[in-house]
Amino acid sequence: MFISQGGGSLGLCTGTLVNPRMVILAAHCMNTRPASAYGTEAGNTPMAFGFKGNNLPGVRDWLFGNAATGVVAFRSTPANAFYNVNQVSYLTDSLKTENRGFLQSDVAVATLDTPAVGIPAWALLFSALPAPSSINPSTGTGYHVTITGYGRNGTGLNGDTGGIDYRRRVAENYLGALASLSDVDMFLYGDTSRTLNQNLYMTDLDDPRRGTASASRFDFNLFKDNALPNEGITAGGDSGGPLILDRTFSKPVVIGVLSGGTRYYAAQPSSSFGTTSFYQPLYLYWDYIVASNPYRYVSAKAGDAKWSDATHWQTELDPSYQIIQDGKLVNGVPTTAGQGEAGSGGDFGQLCFETASSSICKDLATGIYYQNGVAVDRDPVATGPAAVARAAATLANGLPGASNFVPNNTDPVKASGIVGRYFDVTLGAAGTTTLDTTATIDRLSIANSAARLNVTSAGSLTSLIEINQLNGQTVVDGRVRTGGDYFLLGGLLSGSGRVDSRFLTSVSGTIAPATIGTIGTLTIGGNLILASGTQLAIDIGTGGVSDRIAVVRNGTTDGLASIGGSVLFNPVAGSTIRYNDSYTILTAAGEIRGRFAAPGALSAILRPVLSYSSTSVTARIEAGSYAGVVGNTPVQRAYAQLLDQNRGNYAALSEAYGILDLQTQAGIRGSLEGLAPRSETTKRAIGTVAMDNVARFYRERLAAIDPAQPLGGTLAVMGRPNDVVMGAVMAPSTGIAPQADGAVTSVREGVLPDDASAFLAGGYIRGSAPSMPGAMPMGGRDEFDGFYIAGGIEKALSDSAVLGFGLSYSDVDGQQQFGQTAKGELIQGTLYGKAQAAMGATIDAQFGAGIYQARTTRNVTLGTTPFTLRARDNALALSAEVGAGYMFGTDQLHIGPRVAVRASQIGFTPTVETGGGPALRYDADNYTSLQGRAGAVLDGAFGGFRPFASAYYVREFEDRAAFFTANFASGVGPSVAFALPSRDRDWGEVGGGFAFGSDTVEFSVAADTTIERDIRNQSYRGSVKVRF
């Protein structure tokens, strides 16, 4: 301790640092002036403490300043471990006449104006040491102690002959006794006039030569023990220094404050062999020490409250406070008040006067006198005053459990009576503490996983020493400052404000700018260190917007970032993260060193890849291959090829990629399988059925014409367009199975010239076809239904030939399956004719051409986004059939063979779906068929009854396309194939019926069917002819 007396003169003492603001020392070091005289205010006497082993450079700088290093005189200089005192407190009882300023009540507390950081602090023992069970001639009480100070130096033989050199020295000793000065005077001199009855801890300096001729004549072993190898005693300048009990417990504790020393002969040098030192026991003044301590350890109570809520806080134990409990040290304070000068009980040790030939000792614990080791007398033992319970806790008296205060540092203002108070704050209970004002404290700790500090945009917190976040959460939307380091062991640091510190060091914490789920920038003023256990939680959004940590310079700091750990990327709600998006997640004004671990994937496809410059870290979103994600199904593989080859065409397909890229593997597989263009197989089946139905209609029409018979100007109405249902025959094998029913045919004669006739026809169509192969789940068969109408006119060219032309319209709708439908409309014109020779040979032919308009709708979903995709194609439909036959028989029965060739084709054009997203562009392809037909026909006439029948073997010569190809509507690269159902090569067709009636009315019924064909169809017809 240094007090500037003016003119370069110094007052010197030693003190002990207890916490960053408190030094305990002796009252006599300063009690020549009022306590208010010392401090840093104008007119105060400067006082400071230096804590280095050699304080000479520090005290020079303090007294005179140092231009070379920028040190200003009488200022705290942490680099020199030199700190000003802004407030002192001492026991005024030390000024009592009998105390002579230092004999009793010699305890003081000084407050540092700047926290002493990085300097070891000492624990204080507030319990009296128990009396040992016996006194050992060599070790005495057995309590080994360490003494230290910056005082004078010398040797045991010559005393303190060396002057003060501002260096700290250390020695060892045994605690000699717990006794009062009156106890010593009574033993040595029989003096009962002094009333200095307060107990003191005492030591002596034993001459290691005791018992030899060369031993010091002044050493009579006042406190029974022998010399230690490094035994020492105190001297001037050591006053206020600690008595450290260093071997009794698990850690060393300070048990007393040095007040002075005694020599017992006028010729005896000070601080030489045989001299003693005495210390004020801390346990006698513990409550004064606690109250005078300017440093308050406080904590927030459980629950949510504002920082400014005085009921939210409570005082805690200073960790330096120790008591003895069950023989062990524990953090605590006594339950009874300190006895101060009245503390006179519990004495121990032996007072001795020994020479080479005799020994007289008194055991202070028992009162027994020993002469040459034999008990000869006994004094009564004083028990001391009765214990008094300690006071209730208040902020002022420093006891734990006080409330009704707000932690906010205050510097002393002596004129206003403001006492300096400094806070070490811990958030150690569950709950949120919200700071929306300005507060300054010395240290902040967050030590509960459910504790949360919320510094709002209006809040500002300064923690002068440091911030230690062991777990829990800190949200900084305002500003947090610390003159030291921010240590993030665990927990979460978030917010969009600013944290200023020399180093923000994260060991295994999580840092999330703004909040998790929102985007913002967290500014770090200073240097940032992220260890390997750190997690950086970065929210990313649409268009390259993301969280960011901005490391900026703060005063003399460099704005460096030393990075490690992992980065967790989280797309914010409602955002779309896209391939090739780029995000700057960290910037540093100085330099970036180190690397993060490679981040994990955002989805089954997208993954962020980090790149580094000297001042920034950027994440770019890269895409993996869909081929490595999809399942082994044809549809998924086809779409994976399209998606992978179109990655360079991302802009045109961003809608689809934007959704699919973010899906899980299961989501991608499900979405792609759901995109199977099933409606394409349905639309081809509908076209085939519509063309087959028209061809069959004209084939049956030709079979009914006998060129040898006059047409008779008839108008035939075939079927009941409003009441004929065409049933589907469902086959277990694959294929298309429509049914057509011409139903009843009615004929109106005399409407047209005798050599011509006309017809109108209509009916319903219903059928089914195999679903798209390879699509999962399997769809079974696609069903569809609709209607057709046809009309035409026929002209007899001769008695042996007839030519006709008809127009037809077919409309067939597929039923919805897996959200997909197909519709088809066939508009076709057909030229047909038949020639029959007199000998029975016949030739017939039909040729049709038209437009097949196909419309498809696919309701699909990518992720959770629905799309309705529509396509329309106007395909050219062509059909031709040529047949020849010969009829044998009698006038009543005819039978004969017939052969025919039939060809058909639907020419699908390139078709583009609308609806965006995964819409496809279907390539042009032809759906063709070439059939050979061979069979026999039969008819008869038996009066009014006329039977007829036919049977055919049919061979398909054309290979049906096994697939169709498509790409995305805006895709590039080759198209991919999607499978189509297969079809049979051979099958049979049979039909038959009969007619009966008179010359004016004739009825007929007929039916035909396919045999062993994937496309199975049947038709049923009936007609009635009326002649007028």
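Position 681, counted from 1, in the sequence shown is what the working numbering calls 701; the numbers after and before it change by one each time, with no gaps. We put the CB at the ideal spot given by N, CA and C, even for glycine.
Residue interval of the alpha helix (DSSP H) (run including residue i)
i      : result
ALA311 : 306 to 312
PHE968 : Per DSSP, PHE968 belongs to no alpha helix (DSSP H); it is in the beta strand (DSSP E), 965 to 976.
LYS703 : 698 to 724
ARG667 : Note, ARG667: premise wrong, no alpha helix (DSSP H); not H, not E.
VAL204 : 201 to 209
ILE155 : It is not in any alpha helix (DSSP H) - ILE155 carries neither H nor E in the DSSP assignment.
LEU680 : 674 to 680
Residue span of the beta strand (DSSP E) that contains residue i, given as start and end
i       : result
PRO533  : 530 to 533
GLU1068 : Since the first and last residues shown for the chain are 21 and 1048, residue 1068 lies out of range.
PRO77   : Segment 76 to 84 is the alpha helix (DSSP H) holding PRO77; no beta strand (DSSP E) there.
GLY694  : Unbroken run through GLY694 is the alpha helix (DSSP H), 685 to 694; no beta strand (DSSP E).
ILE380  : 379 to 383
PHE779  : 776 to 790
VAL137  : No beta strand (DSSP E) contains VAL137, which DSSP labels as neither H nor E.
THR494  : 493 to 496
MET796  : Note, MET796: premise wrong, no beta strand (DSSP E); not H, not E.
MET67   : 67 to 70
CYS372  : 368 to 374
ILE583  : 581 to 583
PRO262  : 262 to 265
PHE523  : 518 to 526
Residue i classed as buried or exposed, judged by whether at least 16 other C-beta atoms fall within 10 angstroms
i      : result
THR117 : exposed
PHE928 : buried
LEU177 : exposed
GLY28  : exposed
ASP126 : buried
SER818 : exposed
GLY35  : buried
ALA287 : exposed
TYR221 : buried
GLN835 : exposed
TYR285 : exposed
ALA781 : buried
TYR209 : exposed
PRO354 : buried
ILE871 : exposed
ASP959 : buried
ARG499 : buried
ILE597 : buried
PHE717 : buried
Whole-Å CB distance - residue i paired with residue j, under 8 Å assumed
i      : j      : result
ASP258 : GLY169 : 3 Å
GLY937 : ALA676 : 5 Å
LEU680 : LEU882 : 6 Å
THR254 : ILE167 : 6 Å
ASN219 : SER364 : 6 Å
HIS164 : ASP239 : That belief does not hold up - the Cβ atoms of HIS164 and ASP239 are roughly 20 Å apart, past 8 Å.
PHE983 : ALA971 : With a Cβ gap of about 35 Å, PHE983 and ALA971 do not count as contacting.
LEU37  : ALA136 : 6 Å
One or two residues paired with residue i in a DSSP bridge
i      : result
HIS914 : GLY909, ASP959
SER483 : ILE461, THR502
LEU132 : VAL105
TYR170 : Beta-bridge pairing links TYR170 to no other residue.
MET42  : THR131
MET222 : ALA197, PHE298
HIS48  : DSSP, once it has assigned bridges, lists no residue as partnering HIS48.
GLU642 : ARG627
THR476 : Bridge partners of THR476: none, in fact.
PHE243 : LEU371
Whole beta strand (DSSP E) runs in the stretch 613 to 640 with 3 or more residues, listed along the chain?
626 to 632
3 or more residues per run - each beta strand (DSSP E) lying fully within the stretch 531 to 579
541 to 550, 555 to 560, 568 to 572
Can you give, in chain order, each stretch of the beta strand (DSSP E) that sits fully within the stretch 386 to 429 and has at least 3 residues?
388 to 391, 394 to 398
Only counting runs of 3 or more residues, tell me where the beta strand (DSSP E) segments fall wholly within the stretch 818 to 862, in order along the chain.
821 to 834, 840 to 856
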